[in-house]
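Report on the structure given below.
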Amino acid sequence: MDAVFGSPIPVLLVGLVVGSALGVGYLNTRRRGLLIGMGIVLVLVVGALAFERSVKTDRERIAETLDQLAAALQADGLPENSPEAVTDAVLMLITKARTKSAERTRNMVAPNLKRAKITDASYSNLRVEIDKASIPPTAEVRFDAKVSGEGRPPWNDVVAYRTYPLEFAIKMVYEKDDRSDQPRWLIGDRIGWRLKTFGGHDAEPERFGFDQGEIEGF
647 MDAVFGSPIP VLLVGLVVGS ALGVGYLNTR RRGLLIGMGI VLVLVVGALA
697 FERSVKTDRE RIAETLDQLA AALQADGLPE NSPEAVTDAV LMLITKARTK
747 SAERTRNMVA PNLKRAKITD ASYSNLRVEI DKASIPPTAE VRFDAKVSGE
797 GRPPWNDVVA YRTYPLEFAI KMVYEKDDRS DQPRWLIGDR IGWRLKTFGG
847 HDAEPERFGF DQGEIEGF
């Protein structure tokens with residue numbers, strides 16, 4: 647579905663080819679039926695584009711979850727938001743699976759957000775590989791990120807404000823739980839990350855320092 651609905655280019659190309667053929671035929675024959683056909687093709691292309699815009703791909707849904715995560719983390723820098731409120735918002739995006747690795751993922755959120763205040767978070771270079779054969783469906787998600795922040799008291803003297811370039815590899819899972827009426831892509835029970843290098847190499851799972859053993863199966 648991602649290949650079909652992920653880009654409007656195939657629809658535009660098909661419409662262009664068919665419309666051009668009908669247009670050439672009309673210019674050569676002046677047959678009214680060909681002109682009507684061009685109008686039908688135009689209507690179909692517009693309808694197909696509207697439908698394509700209305701259908702969200704798995705990649706787009708995964709990006710929505712990451713957007714929500716970035717927004718939750720950035721809210722940490724606002725005076726009206728406490729670490730506890732931000733922690734709750736982040737946990738809403740993590741699976742509730744009852745596995746040791748999932749529990750470890752959830753348990754690392756609160757301590758880290760109590761130690762560090764994040765003022766900006768963004769990601770880029772998103773790469774997604776979907777495995778719909780698994781139950782529930784899973785995805786290997788990799789991306790680059792920039793996170794800006796500083797330590798909270800008493801760690802503010804130890805962790806100065808700076809921007810950290812990071813590489814992430816995350817397992818995400820498509821599931822429904824009691825927090826939502828519809829299935830959604832949630833952060834799964836495996837996370838790998840490391841400070842980004844500038845040697846031009848892509849992030850390989852075995853190069854991640856955190857949870858490295860859990861990610862070897864990717």
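Start counting the sequence shown at 647; every next residue gets the next number (this note's numbering). Idealized CB from N, CA, C, for every residue including glycine. For clarity, every value in this text was computed on a predicted model and none was experimentally measured.
In the DSSP assignment, what residue or residues form a beta bridge with I764? G795
Pair every Cβ in the stretch 778-793 with every Cβ in the stretch 744-754, then say whether three or more of these pairs are closer than 8 Å. no
Do you know offhand how far L662's Cα is from R707's? When only Cα atoms are considered, L662 and R707 end up about 29 Å apart.
Quick one: using the 10 Å Cβ neighbour count with 16 as the cut-off for buried, is L688 buried or exposed? Of the residues assessed, L688 falls on the exposed side of the cut-off, its CB having fewer than 16 other CB atoms within 10 angstroms.
Neighbourhood of P829 by C-beta distance below 7 Å, restricted to the same chain and skipping five residues each side: Y820, E821, K822
Measuring straight from C-alpha to C-alpha, what distance separates D684 and V660? According to the sequence as given, residue 684 is Met; it is not Asp. When rounded, the distance between both Cα atoms is 13 Å.
Roughly how many whole angstroms lie between the Cα atoms of S702 and A815? Checking the displayed sequence, the identity of residue 702 turns out to be Lys instead of Ser. Using only the alpha carbons, I get a separation of about 23 Å.
Can you check which of these residues, D803, S666, A716, is closest to A735 by C-alpha distance? A716
Can we count D824 as close to the ligand ZN, meaning its CB is less than 7 Å from some heavy atom? The ligand ZN is absent from the structure shown, which contains no ligand whatsoever.
Thinking C-alpha only, which one of R773, R836, K746 is nearest R705? R773
Using a beta-carbon distance below 8 Å, is T711 in contact with chain B? No chain B is part of this structure, which consists of one protein chain only.
Among A806, D713, A779, the one whose alpha carbon lies nearest that of S768: D713
In its own chain, which residues sit with a C-beta less than 6 Å from the C-beta of I776, not counting the 5 before and 5 after it? Around I776: D704, A785.
Pull up the DSSP beta-bridge partners for P800, would you. BP columns for P800 are empty, so no partner.
Runs of alpha helix (DSSP H) lying entirely within the stretch 714-766, each at least 4 residues, in chain order: 729-737, 746-753, 755-761
Cβ atoms of I837 and L739: under 8 Å apart, would you say? Result no, Cβ atoms of L739 and I837 do not sit closer than 8 Å.
Measuring straight from C-alpha to C-alpha, what distance separates G679 and A667? 13 Å
Quick one: Cα of P757 to Cα of P729, how far? 10 Å
Under a three-way DSSP split, which group does V774 fall into? V774: strand per DSSP, three-state reduction.
Nearest to D824 by CA position, among P800, A718, A806, A743, is which residue? The closest CA to that of D824, considering only P800, A718, A806, A743, is found on A743.
Let me check one thing: in DSSP terms, what residues is D704 bridge-paired to? Beta-bridge pairing links D704 to no other residue.
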